[in-house]
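Engineer: Residues 3 to 216 (the numbering used here) are what the sequence shown spells out, left to right. In this text, a Cβ means the ideal position worked out from N, Cα and C, and glycines have one as well. Just dropping this structure here.
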Amino acid sequence: MSSEAGTELIHRATVRYRVGRWFVRLFVKLYHRMRVEGRAHVPAEGGVLILSNHQSFLDIPIVAAALERHVAFVARDTLAKSAFLRFWMKGAGAILIRRGAPDRAALEEIVEHLKLGDCVVMFPEGTRTRDGSLGELRGGALLVARRAGVPIVPASIRGAIEAMPRGVRLPRPRRVAIRFGQPLQPRDPEALEKVTRSISAGIGDGTFDSVPSV
């Protein structure tokens, strides 16, 4: 399959993705002693949209390391300015979106990934938190899930803001955790509110020990 831009749409784990995930997983397990909770809530196959809070630049590595299946991340296109990140994202199936402007092509690409049975991760706050709390979730992600007809899995990341807050270039050796909540149906009229409640319950005040493990 190809995207609207004519490039191959990667919706399965490539060799580049698997190798990158192996290194990332080793790093977050050893350096950050990452804990994964509720992984069974993420379907092993089929399209699914994961909606997560956004604490730091570590969020993408944390989600990638937590799951065995391929994950397509929705990220701002400015990350591609880095040659290393551009190389990895190109071979990993990342979806780049223009920040602060409607990007219909990127939204169509997200829907196509989901319809092909891929797992897509979005950070609906739109930007990283400054204090660990959850900001307002944008409703666009819900519309994407409805168009693709896939379930939504809320994800709560905590500890990442302590490990790599804004302005810090290198991560600190702090513990991080990610909790996946129960899948939700996108056509539920209260879907956005339920996603918000689930993520909030899983992050507490954003620090690693702010909520009990499950």
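#1: How many whole angstroms separate the CB atoms of residue 193 and residue 144, which I take to be in contact at a CB cut-off of 8 Å?
#2: With C-beta atoms as the reference, is residue 43 less than 8 Å away from residue 178?
#3: Going by Cα to Cα distance, which pick from 115, 92 and 128 is closest to residue 100?
#4: Go to residue 145, then tell me how far its beta strand (DSSP E) extends in each direction, as first and last residue.
#5: For residue 54, which beta-bridge partners are listed by DSSP?
#6: Are the beta-carbon atoms belonging to residue 76 and residue 66 less than 8 Å from one another?
#7: How big is the Cα-Cα spacing for residue 126 and residue 53?
#8: Taking the alpha-carbon positions, what's the residue 8 to residue 64 distance?
#9: Quick test of the definition: if touching needs 3 or more C-beta pairs under 8 Å, does the region 190–204 touch the region 83–100?
#10: Taking the straight line between their C-alpha atoms, what separation do you get for residue 27 and residue 189?
#11: I'd like to confirm the pairing. Which residues does DSSP put opposite residue 124 in its beta bridges?
#12: Please work out which residues of its chain come closer than 7 Å, Cβ to Cβ, to residue 120, disregarding the five sequence neighbours upstream and downstream, and give them in chain order.
#13: Given a cut-off of 8 Å, decide if residue 181 and residue 216 are closer than it, judged by their beta-carbon atoms.
#14: Can the beta-carbon of residue 132 be found closer than 8 Å to that of residue 168?
Structural biologist: This is what the structure holds:
#1: Rounded, the Cβ-Cβ distance is 6 Å, consistent with contact.
#2: With a cutoff of 8 Å on beta-carbon distance, residue 43 and residue 178 are scored as not near each other.
#3: Residue 128 holds the alpha-carbon nearest to the alpha-carbon of residue 100 among 115, 92 and 128.
#4: No beta strand (DSSP E) holds residue 145; the alpha helix (DSSP H) holding it covers 142–150.
#5: Its beta-bridge partners are 157.
#6: No. Outside cutoff.
#7: Whole-angstrom Cα-Cα distance: 7 Å.
#8: Interpretation of residue 8 is limited by its pLDDT of 47, a score under 50 that renders its predicted location unreliable; no figure is taken from the coordinates.
#9: Contact between the region 190–204 and the region 83–100 is absent, because fewer than three Cβ pairs lie under 8 Å.
#10: Roughly 34 Å between the two C-alpha positions.
#11: Paired residue(s): 53.
#12: So the qualifying residues of the chain are 13, 49, 72 and 74.
#13: Their beta carbons are under 8 Å apart, which means residue 216 touches residue 181 by this criterion.
#14: Between residue 132 and residue 168, the CB-CB gap stays under 8 Å.
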